[in-house]
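The numbering used here applies: residue 48 is where the sequence shown begins, and numbers increase by one.
Notes follow once the structure below has been shown.
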Amino acid sequence: MVENFSEWFHDILEEANITDSRYPIKGMAVWMPYGFQIRRNTTDLVKEIYDRDHDEVLFPLLIPEAELAKEGLHVKGFEDEVYWVTHGGQTPLNEKLALRPTSETSIYPMYALWIRSHIDLPIKYYQIVNTFRYETKHTRPLIRVREITTFKEAHTAHATKEEADEEVEKHIAKYKEIFDTLGIPYTLSKRPEWDKFPGADYTMAFDAIMPDGKTLQIGTIHNLGQTFAKTFDITFEDKDGEHKLVYQTCAGLSDRVIASAIGVHGDEKGLCLPPEISPNQITIIPILFKKGKEEVLAKCNQLKKEFEDAGLRVNIDDRDIRPGKKFYDWELKGTPIKLELGPRDLENNKTIVMRRDELEKIELDLDENLVNNICNLINQYEENLSKCAWNFHDEHVKFASSIDEVKELIENGNVVAVNWCGDTDCGQKIEELTGYSVLGIYEELEKGSKKCIISDEDAKYVALIAKTY
Ligand code: PR8
Numbered sequence: 048m049v050e051n052f053s054e055w056f057h058d059i060l061e062e063a064n065i066t067d068s069r070y071p072i073k074g075m076a077v078w079m080p081y082g083f084q085i086r087r088n089t090t091d092l093v094k095e096i097y098d099r100d101h102d103e104v105l106f107p108l109l110i111p112e113a114e115l116a117k118e119g120l121h122v123k124g125f126e127d128e129v130y131w132v133t134h135g136g137q138t139p140l141n142e143k144l145a146l147r148p149t150s151e152t153s154i155y156p157m158y159a160l161w162i163r164s165h166i167d168l169p170i171k172y173y174q175i176v177n178t179f180r181y182e183t184k185h186t187r188p189l190i191r192v193r194e195i196t197t198f199k200e201a202h203t204a205h206a207t208k209e210e211a212d213e214e215v216e217k218h219i220a221k222y223k224e225i226f227d228t229l230g231i232p233y234t235l236s237k238r239p240e241w242d243k244f245p246g247a248d249y250t251m252a253f254d255a256i257m258p259d260g261k262t263l264q265i266g267t268i269h270n271l272g273q274t275f276a277k278t279f280d281i282t283f284e285d286k287d288g289e290h291k292l293v294y295q296t297c298a299g300l301s302d303r304v305i306a307s308a309i310g311v312h313g314d315e316k317g318l319c320l321p322p323e324i325s326p327n328q329i330t331i332i333p334i335l336f337k338k339g340k341e342e343v344l345a346k347c348n349q350l351k352k353e354f355e356d357a358g359l360r361v362n363i364d365d366r367d368i369r370p371g372k373k374f375y376d377w378e379l380k381g382t383p384i385k386l387e388l389g390p391r392d393l394e395n396n397k398t399i400v401m402r403r404d405e406l407e408k409i410e411l412d413l414d415e416n417l418v419n420n421i422c423n424l425i426n427q428y429e430e431n432l433s434k435c436a437w438n439f440h441d442e443h444v445k446f447a448s449s450i451d452e453v454k455e456l457i458e459n460g461n462v463v464a465v466n467w468c469g470d471t472d473c474g475q476k477i478e479e480l481t482g483y484s485v486l487g488i489y490e491e492l493e494k495g496s497k498k499c500i501i502s503d504e505d506a507k508y509v510a511l512i513a514k515t516y
């Protein structure tokens, strides 16, 4: 799988009924039923976490050209990626309308209307919508799409810089909770100046290492300072009667959360889904013969109900096909626990259970704490997924002290840490000499303790270098 992760990923999406990429527009795929359930569970998790201190809203898809063009830095960053609506039927529109590539320029003119006084602050809204980016790099389902179908974007405005800085930390904590729940390991780094979000003061980014060693940016948090507040005139009257500009943050996640969950946990047999987002946490497979068929099915239904009462998602695969084919299918689809039940099991009051990660048969008593025992197995499975993924991640972050070493380590599937003075010229030189990207600042160094990999100046930071998706 490591050698041809890209092919594995492409195939598993189709085989497991997640997406179908044959839709006749590049970079736009259909969410299939199994994939849609994974997507819904993922969205529910994100909402549950964001609903704690944000309100969900829904803005229109179209943005007038004049609004999009207002913030110079921002529009420059997106100008080559915007899809335009130019006609209403046969009639050319007076003003071109952009399909949102992201919604700052859609939301912030409205913030300017809504925010009047310090009592209106903070404002913390989020929406989960589709956004459109005319990506020119190689598109891949879920990973680099032109219609980002599940774009969670949070937008906050605050009275003070300190509050905005704190909000960045709160977004970071939320993202960690989301990734930790799904057992997705990450590095968190501060993007270099030349790679920050257009219009942001700075960008914090989460990256996951895929099985081929390439990194995937799975979430970003941007401290926008007052750039957009100035452009869109978002002001408030403070307690002292003075009119001030707000400070802002925004934070985004996409379908890549699902892509990384698939990528970091999958194996040669298929998906290993985190229980939190798996459409079914338990799949019951009845072993049916003519004799005793009714009893076995009745018991399967009774078990399903008991599991559901304990809050678990369960399905019974009663298709009229060989059990072997069912086992194969559910291994491919990554259901955490398979439970098999045939007439002889029923007679013996036993069932055979299998965890998707270990695939070892475990015999459990049907009427001795079965629900509890299964819940324990799901927990063990979840912990093991996370542990294995973190082990892989930790083994693939390595330190290098020369450019040749950086290249060699990345070619062998690693992400590489180097000492860097923080100077843009040196950073870009690293990219030029290696052909790989500086992800960003990973750690700060004590003054005078290390030298920069390029300039021989004192290094201020440990920077991460990687081959990226
Ligand atoms: C913002 N504004 O837009 P960001 N396909 C899949 N996922 C993608 C793609 C793509 N083509 N492009 C980006 N992403 C800010 C924050 C509102 C919210 C994912 O930020 O441009 C990446 O994981 O950094 C990225 O980190 C996230 O969307 C947010 O996009």
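Where is the CB? At the ideal position from N, CA and C, for every residue including glycine.
Legend entry - Unbroken beta strand (DSSP E) run spanning residue 491, endpoints: 484–491
Legend entry - Proximity test, residue 265 beta-carbon vs the ligand PR8 heavy atom, cut-off 6 angstroms: yes
Inset, instruction - With DSSP collapsed to three states, give me the class of residue 249. - result: strand
Legend entry - For residue 401: DSSP bridge partner residues: 385, 408
Inset, instruction - Thinking residue 298 and residue 267 are a contact (beta carbons under 8 angstroms), I'd like their distance in whole angstroms, please. - result: 7 angstroms
Inset, instruction - Could you work out which residue in 295, 181, 328 is closest to residue 75 when comparing CA atoms only? - result: 181
Legend entry - Inter-residue spacing [alpha-carbon to alpha-carbon] between residue 462 and residue 90: 29 angstroms
Legend entry - Buried or exposed by the 16-neighbour rule on C-beta atoms within 10 Å, applied to residue 70: exposed
Inset, instruction - Below 7 angstroms CB to CB, which residues in the same chain sit around residue 490 once its five sequence neighbours on both sides are set aside? - result: 508, 509
Inset, instruction - Could you work out which residue in 405, 399, 425 is closest to residue 359 when comparing CA atoms only? - result: 425
Inset, instruction - Check each candidate in 135, 85, 88 and name the one with the smallest Cα separation from residue 109. - result: 135
Inset, instruction - Look at the Cβ atom of residue 345, then the Cβ atom of residue 231, and state whether they are nearer than 7 angstroms. - result: no
Legend entry - Exposed unless 16 or more other CB atoms sit within 10 angstroms - verdict on residue 385: buried
Legend entry - Rounded Cβ spacing between residue 186 and residue 73 (contact assumed at less than 8 angstroms): 6 angstroms
Inset, instruction - Tell me residue 205's beta-bridge partners as DSSP assigns them. - result: 294
Legend entry - Among 367, 349, 361, 330, nearest to residue 337 - alpha-carbon criterion: 367
Inset, instruction - Rounded to whole angstroms, what's the CA-CA distance from residue 265 to residue 197? Just pull it up for me. - result: 13 angstroms
Inset, instruction - Would you check if the distance between the CB atom of residue 474 and the CB atom of residue 485 is smaller than 7 angstroms? - result: yes
Legend entry - Whole-angstrom distance between residue 199 and residue 592, CA atom to CA atom: With the chain represented from 48 up to 516, any question about residue 592 goes unanswered, as that position is not in the structure.
Legend entry - Neighbour-count burial assignment, residue 283, 16 or more Cβ in a 10 Å radius: buried
Inset, instruction - Find the nearest neighbour of residue 363 within the set 350, 279, 190, 112, judged by alpha-carbon distance. - result: 350
Legend entry - Option in 263, 175, 138, 68 with minimal Cα separation from residue 94: 175
Inset, instruction - Could you tell me the distance, in whole angstroms, from the CA atom of residue 430 to the CA atom of residue 480? - result: 40 angstroms
Inset, instruction - From the DSSP output, in three-state form, read off residue 191 for me. - result: strand
Inset, instruction - For residue 290, count neighbouring C-beta atoms within 10 Å of its own C-beta (all shown protein chains included) and say buried if the count is 16 or more, exposed if not. - result: exposed
Legend entry - Proximity below 7 angstroms, CB of residue 279 to CB of residue 159: yes
Inset, instruction - Kindly list the residues whose CB is nearer than 8 angstroms to the CB of residue 195, restricted to its own chain and excluding five residues on each side of it in sequence; keep chain order. - result: 177, 178, 179, 180, 301, 302
Legend entry - Check: residue 182 C-beta below 6 angstroms from any heavy atom of the ligand PR8: yes
Legend entry - Own chain partners of residue 82 with C-beta closer than 7 angstroms, once the 5 adjacent residues on each side are dropped: 64, 65, 66
Legend entry - Which listed residue (170, 396, 318) has its alpha carbon closest to that of residue 381: 318
Legend entry - residue 149 CB to nearest heavy atom of the ligand PR8 below 6 angstroms: yes
Legend entry - heavy atom of the ligand PR8 below 6 angstroms from residue 153 C-beta: no
Inset, instruction - Check the Cβ-Cβ distances between residue 65 and every residue of chain C, and say whether any is below 7 angstroms. - result: Here there is only one protein chain, and chain C is not present.
Legend entry - Chain-order list of residues whose beta-carbon lies under 7 angstroms from that of residue 388 (same chain, five-residue window excluded): 331, 333, 334, 343, 346, 347, 398
Legend entry - Limits of the unbroken alpha helix (DSSP H) element including residue 481: 471–481
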